[in-house]
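Count along the sequence shown starting at 1, add 10, and that's the number in the numbering used here.
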Amino acid sequence: MLRVSASEFVKHFGQYKEQAQRESIAITSHGRTSGYFLSEHEYNEYMLLKSRARQTYHITELPSNTITAITQANVSVSLHFNLANMSHSI
């Protein structure tokens, strides 16, 4: 990944815009990365991965539609039995 200072990035934006089609660019300020410049394709891939990320909630924060889905779920007896046996062996 290419790293450039913010001032260098501004001065040569056109060059880095083309470079971003080939690789992501880390933009630095005072020696620390402050952001990234990437192609639309890479951005779309990132957003897709982000949308697929698992989301966790504390039980008090569960959305109402999730609570409804859980309460209406049917769990097979064999699965329930297997899970019960697993909890005893832990």
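Cβ atoms here follow ideal geometry from the backbone N, Cα and C, with glycine treated the same way.
Every value quoted in this text rests on a predicted model; they were computed, and no experiment measured them.
CB of residue i within 7 Å of CB of residue j, strictly
i      : j      : result
Met-11 : Ala-36 : yes
Tyr-46 : Ser-34 : yes
Thr-43 : Ser-15 : no
Residues bridged to residue i (per DSSP)
i      : result
Val-14 : Ile-37
Tyr-46 : Ala-36
Reduced DSSP category for residue i - H, G, I as helix; E, B as strand; rest coil
i      : result
Tyr-67 : coil
Arg-32 : coil
Val-20 : helix
Asn-75 : helix
Asn-54 : helix
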